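Protein chains in written order, with this note's numbering: chain A, 2 to 361; chain B, 2 to 361.
Don't be surprised by glycine CBs; every beta carbon is placed ideally from N, CA and C.
What you are looking at is a predicted structure, and each value in this text was computed from that prediction instead of being measured.
Reviewing the structure listed below.
Protein chains: 2
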Amino acid sequence: MAKTCPTTSLPDLPSVRHEVSTALTGFLDAKDQAAPGTELLYLTTTLRAFLTSGKRLRSVLCVYGWQAAGGDGELTAAIRAAASLELFQVFALVHDDVMDDSDVRRGQPSAHRALATAYTDSGGPQGRAEAHGLGAAVLLGDLALVWSDELLHSAVLDPGRLADVLPLVAEMRSELMYGQLLDLQTTGRLTGDVETALHIIRYKTAKYTVERPLHIGAAVAGAGAPVLDACTAFGIPLGEAFQLRDDLLGVFGDPAETGKSILDDLREGKGTVLMALAVQRASSAERKTLRALVGRSDLDEDLAAEVRAILESTDARRTVEEMITERRDAAFAALDDAPFPAAAVAQLRQIALVATERQT
Amino acid sequence: MAKTCPTTSLPDLPSVRHEVSTALTGFLDAKDQAAPGTELLYLTTTLRAFLTSGKRLRSVLCVYGWQAAGGDGELTAAIRAAASLELFQVFALVHDDVMDDSDVRRGQPSAHRALATAYTDSGGPQGRAEAHGLGAAVLLGDLALVWSDELLHSAVLDPGRLADVLPLVAEMRSELMYGQLLDLQTTGRLTGDVETALHIIRYKTAKYTVERPLHIGAAVAGAGAPVLDACTAFGIPLGEAFQLRDDLLGVFGDPAETGKSILDDLREGKGTVLMALAVQRASSAERKTLRALVGRSDLDEDLAAEVRAILESTDARRTVEEMITERRDAAFAALDDAPFPAAAVAQLRQIALVATERQT
Numbered sequence: 002m003a004k005t006c007p008t009t010s011l012p013d014l015p016s017v018r019h020e021v022s023t024a025l026t027g028f029l030d031a032k033d034q035a036a037p038g039t040e041l042l043y044l045t046t047t048l049r050a051f052l053t054s055g056k057r058l059r060s061v062l063c064v065y066g067w068q069a070a071g072g073d074g075e076l077t078a079a080i081r082a083a084a085s086l087e088l089f090q091v092f093a094l095v096h097d098d099v100m101d102d103s104d105v106r107r108g109q110p111s112a113h114r115a116l117a118t119a120y121t122d123s124g125g126p127q128g129r130a131e132a133h134g135l136g137a138a139v140l141l142g143d144l145a146l147v148w149s150d151e152l153l154h155s156a157v158l159d160p161g162r163l164a165d166v167l168p169l170v171a172e173m174r175s176e177l178m179y180g181q182l183l184d185l186q187t188t189g190r191l192t193g194d195v196e197t198a199l200h201i202i203r204y205k206t207a208k209y210t211v212e213r214p215l216h217i218g219a220a221v222a223g224a225g226a227p228v229l230d231a232c233t234a235f236g237i238p239l240g241e242a243f244q245l246r247d248d249l250l251g252v253f254g255d256p257a258e259t260g261k262s263i264l265d266d267l268r269e270g271k272g273t274v275l276m277a278l279a280v281q282r283a284s285s286a287e288r289k290t291l292r293a294l295v296g297r298s299d300l301d302e303d304l305a306a307e308v309r310a311i312l313e314s315t316d317a318r319r320t321v322e323e324m325i326t327e328r329r330d331a332a333f334a335a336l337d338d339a340p341f342p343a344a345a346v347a348q349l350r351q352i353a354l355v356a357t358e359r360q361t
Numbered sequence: 002m003a004k005t006c007p008t009t010s011l012p013d014l015p016s017v018r019h020e021v022s023t024a025l026t027g028f029l030d031a032k033d034q035a036a037p038g039t040e041l042l043y044l045t046t047t048l049r050a051f052l053t054s055g056k057r058l059r060s061v062l063c064v065y066g067w068q069a070a071g072g073d074g075e076l077t078a079a080i081r082a083a084a085s086l087e088l089f090q091v092f093a094l095v096h097d098d099v100m101d102d103s104d105v106r107r108g109q110p111s112a113h114r115a116l117a118t119a120y121t122d123s124g125g126p127q128g129r130a131e132a133h134g135l136g137a138a139v140l141l142g143d144l145a146l147v148w149s150d151e152l153l154h155s156a157v158l159d160p161g162r163l164a165d166v167l168p169l170v171a172e173m174r175s176e177l178m179y180g181q182l183l184d185l186q187t188t189g190r191l192t193g194d195v196e197t198a199l200h201i202i203r204y205k206t207a208k209y210t211v212e213r214p215l216h217i218g219a220a221v222a223g224a225g226a227p228v229l230d231a232c233t234a235f236g237i238p239l240g241e242a243f244q245l246r247d248d249l250l251g252v253f254g255d256p257a258e259t260g261k262s263i264l265d266d267l268r269e270g271k272g273t274v275l276m277a278l279a280v281q282r283a284s285s286a287e288r289k290t291l292r293a294l295v296g297r298s299d300l301d302e303d304l305a306a307e308v309r310a311i312l313e314s315t316d317a318r319r320t321v322e323e324m325i326t327e328r329r330d331a332a333f334a335a336l337d338d339a340p341f342p343a344a345a346v347a348q349l350r351q352i353a354l355v356a357t358e359r360q361t
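Right, here's the structure in full:
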């Protein structure tokens with residue numbers, strides 16, 4: 002069980018992160034102890050490793066949503082709701098890596114790769130390692146998903162309040178899966194369809210990563226429609242800006258800072274707004290180059306440099322920077338009109354700055 | 002929405018199945034209508050096809066559990082809880098087929114195969130079909146899982162009652178996943194470990210398929226500990242007997258009746274009680290044959306006949322028949338002591354007979 006932490010002022014980022022980690026550790030310790038056998042350690046060890054490395058963005062937004070709705074005093078429920086979002090995010094990442102067949106996540110082997118290695122290390126035959134890793138990762142994701150639910154249910158002890166929170170969680174989950182489906186259908190099909198690319202990031206990121214965590218935290222504090230609406234007005238543009246920044250970092254970022262490859266997005270042929278803009282504006286020679294290179298699994302740094310040159314020459318990169326600025330400013334403007342306590346507004350403004358700033 | 006169906010006598014099996022199907026159709030219709038785009042039809046069409054073909058065993062047990070706890074009158078909540086178990090079962094089957102890489106389910110292509118075909122039919126490149134089918138099936142299973150939750154939440158409208166039901170659902174889900182993990186770890190490793198094989202069917206089937214559906218239905222009706230305990234005393238032996246029967250049918254059954262191959266279990270090297278008994282008792286020549294044949298993906302009918310001969314000569318088949326009888330009788334004995342209404346006892350006795358009877 003998470004220890005309770007009464008507070009009179011708003012908690013800072015490091016203490017939110019620390020409390021969320023404590024709640025997650027306590028939950029998984031209890032699961033390990035209650036398990037009918039030690040076999041489960043095989044999955045929970047990998048799950049713990051994943052949970053250690055997250056940035057806790059959704060957690061922080063959940064707690065800030067709680068504060069925006071006037072939550073104060075006893076933080077436990079908000080922290081546990083936040084921790085449940087982290088477990089849900091592990092589910093999303095592990096299954097996403099299975100779907101994309103990605104080798105690396107957060108600078109470490111992805112779950113299905115790590116579990117394939119664990120299998121052969123424990124004497125499993127090499128010939129079954131890949132299939133085993135995949136099956137075990139699907140199961141690990143499933144477990145993270147159902148446990149995220151349990152952690153949430155244990156967080157909100159008032160049944161009436163829980164009944165307000167659950168529909169928002171249900172929306173968040175369906176929205177993410179809708180975004181994943183669009184992603185799956187468009188990946189590898191290079192198009193200049195900027196509208197579709199924006200539609201995807203609205204579901205995959207703006208709602209899932211920003212709006213809904215704010216909503217869920219706010220609902221834990223008993224928020225009504227005006228607060229939830231203000232969370233949307235702030236969260237959607239911020240979430241879009243955040244994903245647009247992430248897409249830029251996925252191609253132009255510094256792997257040492259971002260912890261992810263700057264070749265993977267190009268190798269997968271991810272249908273980002275950045276790429277759609279470039280395809281739309283490219284000369285026929287440039288378009289030919291993009292079609293030849295983007296989506297190639299053996300794309301190397303030299304070929305990536307050719308693609309990057311086209312993202313620059315078509316001004317796709319500059320346009321995405323402008324789109325980020327517009328959306329960040331819209332998020333700021335929404336804060337000016339929001340019925341949130343001043344301290345919560347200040348924290349949300351700060352996180353909006355950090356999540357969208359240039360790092361290159 | 003499911004239509005309400007007040008009743009004065011206990012509903013029969015066909016009407017339970019019909020009401021559950023109506024509830025599922027209504028739920029999915031609402032999901033299709035509320036979707037942000039038509040893309041979702043891609044998954045819901047496959048999901049509907051899967052839901053059409055089930056035997057509704059868990060549904061029936063859920064409704065019978067509700068009756069055993071004295072539920073009467075308005076059936077809607079029990080039917081919707083039952084329908085949510087069917088969605089959960091689709092999740093379990095779809096992910097199970099991904100994990101086992103099975104081609105066939107309920108006489109039809111498994112979800113990942115069906116979705117791979119849908120992908121190429123819609124113009125997707127052949128080279129990506131397998132990866133796409135796998136990714137889409139993982140997503141389909143995820144969606145079925147979170148929607149099973151939503152359907153349950155919408156079934157039990159009293160927040161206090163829902164708070165009694167949710168922990169039982171959480172237990173059921175964790176137990177199934179624990180069983181799946183054991184299954185994953187033992188598949189392909191032929192052993193004479195009967196204890197482990199029994200442990201697996203307790204989690205994968207006895208709890209998941211019988212005990213917990215009874216519990217969940219009973220909790221929807223507001224059951225206390227004596228009713229829940231009696232459900233366990235009846236459900237665990239019945240569930241074990243049911244799985245032992247299923248294992249026999251998986252090797253000796255008539256595919257025209259069971260709708261599943263009688264080669265798949267042998268090809269996968271599934272660690273059943275039947276097989277563990279045979280390995281334990283086999284002569285060294287027989288054991289050598291089992292090790293050479295069980296788990297071979299190209300096992301044909303002639304080779305299967307060799308394996309079946311060993312399952313007979315070691316008396317493994319006969320012992321499993323005896324284990325089924327013992328467990329069925331234990332389930333009957335538990336009914337004699339159960340604090341259930343007489344009509345519910347009669348129905349549970351009937352289902353226990355049907356679920357465990359010889360069909361070969």
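Could you give the first and the last residue of the continuous alpha helix (DSSP H) run that contains E258(A)?
Judged by DSSP secondary structure, E258(A) falls within the alpha helix (DSSP H) whose first and last residues are P256 to T259.
I'd like the ranges of any alpha helix (DSSP H) spanning at least 4 consecutive residues and lying wholly in the segment 65–94 of chain B.
Complete alpha helix (DSSP H) runs here, min 4: none at all.
If you reduce the DSSP assignment to three classes, tell me which class R106(A) lands in.
Strand.
Would you call the CB atoms of I217(B) and G66(B) closer than 8 Å?
Against a cut-off of 8 Å, the Cβ pair of G66(B) and I217(B) comes out as a contact.
Interface flag, D13(B) vs chain A, CB-CB below 8 Å:
No, no contact with chain A.
Residue of A79(B), D98(B) and L249(B) minimising C-alpha distance to Q181(B)
Nearest of A79(B), D98(B) and L249(B) to Q181(B), Cα basis: D98(B).
So, is S284(B) buried or exposed, given that buried needs 16 or more other C-beta atoms within 10 angstroms?
Classification for S284(B): exposed.
Would DSSP call V333(A) helix, strand or coil?
A quick correction: the sequence has Phe, not Val, at residue 333(A). F333(A) falls in the helix class under three-state DSSP.
Closer than 8 Å at the beta carbon, the chain A residues around R129(B):
The contacting residues are G189.
CA-CA distance, R59(B) and F333(B)?
Roughly 19 Å separates the two Cα atoms.
Does the separation of the CB atoms of Q90(A) and S54(A) fall below 8 Å?
No, the pair does not count as a contact, with Cβ atoms beyond the cut-off.
Own chain partners of R213(B) with C-beta closer than 6 Å, once the 5 adjacent residues on each side are dropped
These residues qualify, in order along the chain: M173.
Straight-line CA distance for T206(B) to E151(B)?
C-alpha separation (whole angstroms): 24 Å.
Are any of the Cβ atoms in chain B nearer than 8 Å to that of D338(A)?
By this cut-off, D338(A) is not an interface position.
Could you compute how far the alpha carbon of P168(A) sits from the alpha carbon of D299(A)?
If you take the alpha carbons of P168(A) and D299(A), they lie about 43 Å apart.
Using the Cα positions of Q348(B) and I80(B), report the straight-line distance between them to the nearest angstrom.
C-alpha separation (whole angstroms): 17 Å.
Going by DSSP, what residue range makes up the alpha helix (DSSP H) through V308(A)?
Segment E302 to S314, the alpha helix (DSSP H) holding V308(A).
State the CB to CB distance for the pair K289(B) and W148(B), rounded to an integer number of angstroms; the pair is presumed to be in contact (CB under 8 Å).
Contact annotation, K289(B) with W148(B): C-beta distance approximately 48 Å; criterion of less than 8 Å not satisfied.
Amino acids of chain B, ordered along the chain, whose beta-carbon sits closer than 7 Å to that of P174(A)
It is Arg, not Pro, that sits at residue 174(A) in the sequence shown. Against chain B, the beta carbon of R174(A) has neighbours under 7 Å at V147, listed in chain order.
At least one CB of chain A closer than 8 Å to the CB of A344(B): is that the case?
It does not: the Cβ of A344(B) has no partner Cβ on chain A nearer than 8 Å.
In the DSSP assignment, find the unbroken alpha helix (DSSP H) run with G240(B) in it and report its ends.
Element bounds for G240(B): A226 to F253.
Can you tell me whether T35(A) is buried or exposed, with buried defined as 16 or more other CB within 10 angstroms of its CB?
Here the sequence assigns Ala to residue 35(A), which means Thr is not the residue at that position. Looking at its Cβ environment, which holds fewer than 16 other Cβ atoms inside 10 Å, A35(A) is exposed.
8 Å Cβ cutoff, Q34(B) in contact with chain A:
For Q34(B), not one C-beta of chain A is nearer than 8 Å to its own C-beta.
For a cutoff of 8 Å on Cβ pairs, would you count E212(A) as touching chain B?
No, no contact with chain B.
Within 8 Å (strictly less), CB to CB, does G136(A) reach chain B?
Yes, its Cβ sits closer than 8 Å to a Cβ of chain B.
Could you tell me whether the segment 156–163 of chain B touches the segment 156–166 of chain A, using the rule of 3 or more Cβ pairs below 8 Å?
The answer is yes - the segment 156–166 of chain A touches the segment 156–163 of chain B, with three or more Cβ pairs under 8 Å.
Tell me whether V21(A) sits in a helix, a strand or coil according to DSSP, three-state version.
Residue state, collapsed to three classes: helix.
In chain order, what residues of the segment 91–118 of chain A put their CB closer than 7 Å to some CB of chain C?
Chain labels in this structure do not include chain C; the protein chains are A and B.
Taking 8 Å as the CB-CB cut-off, is G270(A) touching chain B?
No, its Cβ sits nowhere closer than 8 Å to a Cβ of chain B.
Which residues in chain B sit within 8 Å of G161(A), going by Cβ to Cβ distance?
Residues of chain B whose Cβ lies closer than 8 Å to the Cβ of G161(A) are, in chain order, P160.
Within its chain, find whatever has a CB closer than 6 Å to the CB of E287(A); leave out the 5 residues flanking it on each side and keep chain order.
Cβ neighbours of E287(A) beyond the five flanking positions: I311.
So, for Y120(B): in the same chain, excluding its five sequence neighbours on each side, which residues have a beta-carbon less than 7 Å away from its beta-carbon?
Around Y120(B): A130, H133 and G134.
Interface partners of V139(B) on chain A, CB under 7 Å:
Per Cβ cutoff of 7 Å: H96, V99, M100 and V139.
Extent of the continuous alpha helix (DSSP H) to which P168(A) belongs:
From DSSP, the alpha helix (DSSP H) with P168(A) extends over P160 to T187.
Consult DSSP for A222(A) and reduce its assignment to one of helix, strand or coil.
Here A222(A) sits in coil by DSSP.
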